[in-house]
Amino acid sequence: MSTDVGAPAAAAIPSRTGDARSNATLTQWQLIRLRFARHKLAVISFYLLILLYACAVFAEFVAPYDRGLADVNKIYCPPQPPAYSFRDGWHVKDLERQIDPVTLKNYYIETDKVVHLGFLVKGEPYRFWGLIPAEYRLFGVRDRGPEAGRFHFLGADKYGRDVYSRLMFGARISLSIGLVAIVVTFVLGSVIGGISGYVGGAVDTLIQRVIEIVNSFPQLPLWLAFAAVLPPDWSALKSYFAITIVLSLLGWTGLARVVRGKILSLREEDYAVAARLLGASHSRIIFRHLLPGFTSHIIVSLSLSVPGMILGETALSFLGLGLRPPVVSWGVMLQDCLNMDVVANYPWLLMPVLLIVLTVLGFNFFGDGMRDAADPYSAK
Amino acid sequence: MSSGGGIPAHNSPGAADTPLLQVRGLCKHFPIMSKGFFRKQVGVVKAVDQVSFDLRRGETLGLVGESGSGKTTCARTILRALKPTGGEVIFNDGTTSVDLARVPDREFKPLRTKMQMIFQDPFSSLNPRMTVGQIVSEPLVIHGMSKGRDMEDRVVEILQKVGLKPEHRQRYPHAFSGGQRQRIGIARALIMRPSLVVADEAVSALDVSVQAQVINLLSDLQDEFKLTYIFVAHDLSVVRHICDRVAVMYAGKIVEIAPTAELFENPLHPYTRALLSAVPNIDPDVKMRFEVGGEVADAGRLPPGCSFHPRCPKRFDPCDKVEPQLRAIGDGGCRVSCHLYRE
Amino acid sequence: MNQSLPPALQIRDLRTHFFTEEGCIPAVDGVTVSLPRGKVLAIVGESGCGKSVTSYSILRLIRKPGEIVGGQILFQPKDGSPPIDIASLTEDDDLLFKVRGGYISMIFQEPMSALSPVHTVGNQICEAILFHQDVTEAEARRRAVEMLGKVGIPGAERRIDQYPHELSGGMRQRVVIAMALVCRPEILIADEPTTALDVTIQAQILKLIKDLQAELGTSVVFITHDLGVVAQIADEVAVMYLGKVVERGTVREVLKDPKHPYTASLLKSLPGMGRHGERLPAIKGSVPSLAAIPQGCPFHPRCPEYLAGTCDTGGPPAMRSLSGGREVACVRVQAEVLEKGGRP
Chain A
1 MSTDVGAPAA AAIPSRTGDA RSNATLTQWQ LIRLRFARHK LAVISFYLLI
51 LLYACAVFAE FVAPYDRGLA DVNKIYCPPQ PPAYSFRDGW HVKDLERQID
101 PVTLKNYYIE TDKVVHLGFL VKGEPYRFWG LIPAEYRLFG VRDRGPEAGR
151 FHFLGADKYG RDVYSRLMFG ARISLSIGLV AIVVTFVLGS VIGGISGYVG
201 GAVDTLIQRV IEIVNSFPQL PLWLAFAAVL PPDWSALKSY FAITIVLSLL
251 GWTGLARVVR GKILSLREED YAVAARLLGA SHSRIIFRHL LPGFTSHIIV
301 SLSLSVPGMI LGETALSFLG LGLRPPVVSW GVMLQDCLNM DVVANYPWLL
351 MPVLLIVLTV LGFNFFGDGM RDAADPYSAK
Chain B
381 MSSGGGIPAH NSPGAADTPL LQVRGLCKHF PIMSKGFFRK QVGVVKAVDQ
431 VSFDLRRGET LGLVGESGSG KTTCARTILR ALKPTGGEVI FNDGTTSVDL
481 ARVPDREFKP LRTKMQMIFQ DPFSSLNPRM TVGQIVSEPL VIHGMSKGRD
531 MEDRVVEILQ KVGLKPEHRQ RYPHAFSGGQ RQRIGIARAL IMRPSLVVAD
581 EAVSALDVSV QAQVINLLSD LQDEFKLTYI FVAHDLSVVR HICDRVAVMY
631 AGKIVEIAPT AELFENPLHP YTRALLSAVP NIDPDVKMRF EVGGEVADAG
681 RLPPGCSFHP RCPKRFDPCD KVEPQLRAIG DGGCRVSCHL YRE
Chain C
724 MNQSLPPALQ IRDLRTHFFT EEGCIPAVDG VTVSLPRGKV LAIVGESGCG
774 KSVTSYSILR LIRKPGEIVG GQILFQPKDG SPPIDIASLT EDDDLLFKVR
824 GGYISMIFQE PMSALSPVHT VGNQICEAIL FHQDVTEAEA RRRAVEMLGK
874 VGIPGAERRI DQYPHELSGG MRQRVVIAMA LVCRPEILIA DEPTTALDVT
924 IQAQILKLIK DLQAELGTSV VFITHDLGVV AQIADEVAVM YLGKVVERGT
974 VREVLKDPKH PYTASLLKSL PGMGRHGERL PAIKGSVPSL AAIPQGCPFH
1024 PRCPEYLAGT CDTGGPPAMR SLSGGREVAC VRVQAEVLEK GGRP
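Chains as they are written, first to last, in the working numbering: chain A, 1 to 380; chain B, 381 to 723; chain C, 724 to 1067.
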C-alpha cells in the first residue's frame, strides 16, 4: 500500500496516463512516446536532430555546390544574404574581389550584376553517395552558362569553397561518426556490463576494477595518443573507422555500469525469479525479462554519449590528428580557424561551431526528455 | 542426516501413501563476508537449519513464522530457486523419485513442470512488459509443450478457471487490480498442471475483501487439479482456515509441526503459544494478553542452545546449553522441539 | 458515548480531492468523525478508501495535486481556549506550526522512512523537544532518555546515541513513538504503525501505545486495515469505503453487530471467523477505482443486499443516526428501523 500522499493508493488508480480502458493495451513504447511528447524542448530537439541528419544524408541535394569546388575569385567571400525584389525575385548582387594595396587583405565590393536564385534548380550533375546520379539541388543559382555568378550563403573559405556546402557534407561525417561510435559502445558496454551484472562474484569484481582503471585515464590526451599512432597514409574510410574505435574505447564504461546496475536490480525482481522457476534458460531471462526493463535507459545513456563522441572527433580533427583533408568534417573545417587573424577578419568560418552547439544541445535535451519519459512502469 | 522422530525414509515412489515430498535435514546457509579488499568468511547465517518434514499428496501444509524464521528461504530452497547447502529433498512424483537437492542445474528443467510458486507481491511478480497472454503462456513456450491454436486454447482455459476473461490476454498487468494480478500469477503457475505448488505469502499483500476470493480460488483449484500446497504465511487466521497441517518456524528451524486443529487448540511450544497469543482477536471483549518481550532472533547471531530461550517464559536449565530436537509427542502427528517435552 | 467532555478533534464534512490528469479524484469526500477526549478512534478500511489521506489532511500534509477543498477540522485544546479550525489555517500560520508536533503528532507505517538515517536517535528526539518546548539542550536530552525508557527501550542512555540502522524494526518504531509523544501532544495520529511489523512485535507495540495513551491521557486516531487490531486497541471506530464513512460507533457495537452491509460482509469474509475448510463468504467484485465511483451508494455493485432502484440512484446515502451515537450510511438500515416500529 502506498504511503505517498501525492496521490491516493495505487490500487485505486489503475493507469497513469489516459483512462484505464484506453491504455490497458498500450505497449511500453507507446507509453514512453506519450510521456516524451509532453516535454516541448525534447520534442523540438528531436525534430531538429532529424533535420540535421536529413541534411547529412541528402547533403548533395541540400548543398548548392560540391564540397571541393574551389573558386579563386571568391576566396574568403563574405556571406551573401539573399534579397527579394519584384523585378528579380530572390537574388544577390554579385561580389567582386579586391585586394587592399596596403594590408593585402581581401575585401569585396558589390557589383551591379544580379545573380538570380531559385529553389529546385538544376545544378552541376552529381551522384548521391557516389552512386545514384542526379541533377537537381534544393536551391542555387538559376542563371546558366559560364557567366553565371556564384552564391555563397554563408561565405567562402580560403580556397573559395562554399562554407554552407561544406557544412552539409561535414555533417555527414561528424554526425555519423557519433552514431557509429555508439554502436561500438553499445556492444562493448552491454556485453561487458551484462556479464558483470548477471554472473556476479569474482568476474563482476574484476570487470569493475578494469572499468575504474579505464575511467581514470584522462580522455582527451588518451584520444590524442591513440590518434597520433594512426598511420597518416591510411585511406579516408579506414581512418574514419579507426577514429570511431578510438572514441568508443573510452566511452563504453558509462554504459557498462548502467547495464550492470540495472541487471543487478532487476535480476532479483519476482518476475525474474518466476522465470527461473519456470525453467527459462539464462539467455531467455536476460533478453526477454531483464533487457526490456532497461532498453530505455540504454537509449538515454547512448544519446547522452553522442555529443561526447561528436566533440571528440571535432577536437581530434581540429588538432589535425583525426580526419584530414580532403575529407570534410566540422572539425576539419575548424582547422582553418586556428589562426586568430583569420577568425578576426573572416568570422563566418566559425559556422561549424553553431551547428556543433545545436547538435550537442539537441542530443542533450532529447536524452533528458527520454530519461524522464522512460520506464513508465517504474512507480507502482 | 538423521531425521529424528521416526519419519520413515524413502518409500517406493508409486505407493499411494508415499509422501509427495520428503525433506530431510534441509540446510541453507549464507556466508557472512568480512569487509575490505580480501574478503574472508567470518560467520554464517543459518537461514534454514536441519528442516525435516513430509508432505502428503493433496494436503496443504502451512509454514508459518515471523521475519527471519526462514520460511520463505525454506520454500525457495525446496523449489531450487536457491541451492541447498545440505540435506535431501526427495520428490516422489508417482513415476519418479528424485532428490531435488542433488540434481545438477542443467538437468533440472523437466522437473520445473511439476512444481511451481505463487509469489507475494502482485505488482512485481508479473513482467510489466509482457501481455497477460504472454505471461501465462510462457511456461508452455519454455517447455515446448504446445503451440499455436492449442496454446491459445489452454491459455483461455486457465484464465477462465482463475476467474478472468479471454479478452484479458491482450492487456498489460498494469491495467489490473492486485487481486486480478494474483489470479494471473496463479494461472501462470498452474498452466502446466504441477503436482506441488508453493504459495509464498500469496494473499498477504491483498486487501481483506480480495483475500477471501483468492483463498476460495486456491481451495477450488486444489480440488480440481489435485494440487499439494505448501502455504507460507505469517497470518495465522488464514493458515488456520486453509491448512491441514502447520509447521511453525523460528530462526531457521521447525519448532513445532502438528495438524491444524491440534496446533491451534493445544499449542505445545512456548513460541507457538506466544505467536497465537499475539494475534489480535477480533472480539473486542476478549483482550489480548501478550507477555513475550525481546526481538525476533537474528539468524546470523544465534544464542547457544535453544534459539528461543532468551525470550522464553518457560526456560530452565538445559535451554541455554543444549539444542532441542524435533520429537514426536503422542501419536496424533504432533512434533515439538522443546526441552519441556522430553519423553 | 461520553458527552461530558467536548471531543478533542472533530472532523466535519472533510473533502480532500486530488486534481490529476485523470480528472478530480475525490479521495476523501465528506468525512465526519469525532475523537472523544482520552479515547482511541480507529479509522478502518481497505486500500483506496481514503483513511490515510484523512489522517494526512488533519495535519495539513497533503501536497499538490491534492488539496483540502472543503470541511472543517476542529481541534479543541485541553486548556479550554477556543477551537482551532486546522483546515482554514494558512501554510505560514504560526498556529499551524504549533499544532504540528506540538498539539498533534503523528507516527507512520515505515519507521525506517520516518527516521533520518544520518542523525542519531537522540538528535531527532531532542529536535522535537527543542522545537516545541523552551528548555536547554541538557534538559532536552534528559527528557529524551526518559522517554526512551518509557517506550521500553533497554539501555536508553546508550541507545540515545545510536543511529536508526543500528536498531531493529520494532525498536525503531518505539523511537518514532517516543519522538511523537515526548512533547506530550494532546492527539496522536497513528497511520498503520504496526502493519510492517511482525505479529509478536505488533503485539508489543499495541500494548505500548495503549499503556502510554492511558498514562498520558492522549487521544489517538488509529488508522489500520486490520479489524483485529481495531478490536484490541480502539474504543470507537469509523469504517471507510471509497472516500466516505459508511459506519460509525463504538467498537463493540460495530464489530459485534455491524449494520452496514460492507462492514458485515467484511467481517464475515475474514478467515478467522469461518471454520476450517469452509468456503469463505467473499465480497464479490473488487474495489472500484476512485476515478470511477459508482452512482448512488458506492458499495452497491458489490452489496449482498442491493436493492435495484433504491441503491443505485441519486447521490450517496447520508449518514443516519441510530441510538447511542451510532451512524450508518445505508438506506436499508433506515427502512429496517422503521419496520421495527421506529424503535432503533
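Glycine included, each C-beta is placed from N, C-alpha and C at the ideal position.
Check, Outcome
"V1054/C in three-state terms, based on DSSP", "helix"
"Coil, strand or helix - D752/C by DSSP", "strand"
"Neighbouring residues, chain A, relative to S504/B (Cβ below 9 Å)", "E269, D270, Y271, K380"
"Per-residue contacts from G543/B into chain C (C-beta, under 8 Å)", "Ordered by position in chain C, no residue passes the 8 Å Cβ test against G543/B, which lies about 11 Å from the chain."
"Continuous alpha helix (DSSP H) assignments of at least 4 residues falling wholly in the segment 791-874 of chain C", "817-822, 834-837, 844-855, 860-873"
"K1083/C (DSSP reduced to helix, strand or coil)", "The structure shown does not extend to residue 1083/C, since chain C is modelled only from 724 to 1067, so the question has no answer here."
"CB contact check: E446/B to chain E, cutoff 8 Å", "Going by chain labels, chain E is absent from the structure shown, which instead holds the protein chains A, B and C."
"Straight-line Cα distance separating H554/B from P388/B", "Residue placement at P388/B cannot be trusted, given a pLDDT of 46 that sits under 50; the coordinates are not used to answer."
"Cβ neighbour criterion (16 or more within 10 Å) applied to Y76/A", "buried"
"L720/B (DSSP reduced to helix, strand or coil)", "coil"
"Within chain C, partners of M668/B - CB distance below 7 Å", "A926, Q955"
"R786/C, buried or exposed, once every other Cβ within 10 Å from all chains shown has been counted against 16", "exposed"
"Three-state secondary structure (DSSP) of A374/A", "coil"
"Neighbour flag for G710/B against chain C, beta carbons, 8 Å", "no"
"Buried or exposed (CB count within 10 angstroms, at least 16 for buried), S283/A", "exposed"
"Min CB distance H289/A to chain B below 8 Å", "yes"
"Distance between K451/B and G405/B (C-alpha atoms, nearest Å)", "15 Å"
"Contact with chain A by H689/B, beta-carbon distance below 8 Å", "no"
"Option in P411/B, C407/B, S526/B, L506/B with minimal Cα separation from R276/A", "L506/B"
"DSSP-derived helix/strand/coil call for E532/B", "helix"
"For Y609/B, the residue or residues it bridges with in DSSP", "T440/B, V577/B"
"Spatially closest choice to D711/B from A579/B, I637/B, Y651/B, by CA coordinates", "I637/B"
"P574/B vs T453/B beta-carbon contact at 8 Å", "no"
"Nearest-angstrom Cα separation, counted from R33/A out to A156/A", "42 Å"
"Enclosing beta strand (DSSP E) for Y76/A [first to last residue]", "Segment: none, Y76/A is in no beta strand (DSSP E) and carries neither H nor E."
"Contact under 8 Å by Cβ, F410/B with V424/B", "yes"
"Chain C residues whose Cβ lies nearer than 7 Å to that of P553/B", "Within 7 Å Cβ-Cβ: nothing; P553/B doesn't reach chain C, min ~15 Å."
"Which of helix, strand or coil DSSP assigns to I470/B", "strand"
"Near-chain C residues of the segment 642-660 of chain B - C-beta to any C-beta below 8 Å", "A654, L655, S657, A658, V659, P660"
"Near-chain A residues of the segment 497-525 of chain B - C-beta to any C-beta below 7 Å", "M497, F499, D501, F503, S504, S505, L506, N507, P508, R509, E518, P519, I522, H523"
"Own chain residues within Cβ distance below 6 Å of A366/B, not counting five before or after", "Limits of chain B in this structure are 381 at one end and 723 at the other, which puts residue 366/B out of reach."
"Near-chain C residues of the segment 609-626 of chain B - C-beta to any C-beta below 9 Å", "H614, D615, L616, S617, V618, V619, R620, H621, I622, C623, D624"
"Listed by chain order, chain C residues near N596/B by CB distance under 8 Å", "R1002, L1003, A1005"
"Sub-8 Å separation of V974/C and V953/C beta-carbons", "yes"
"Neighbourhood of F294/A by C-beta distance below 6 Å, restricted to the same chain and skipping five residues each side", "K262"
"Neighbour list for Q30/A in chain B, Cβ cutoff strictly below 7 Å", "Simply none; closest approach about 10 Å."
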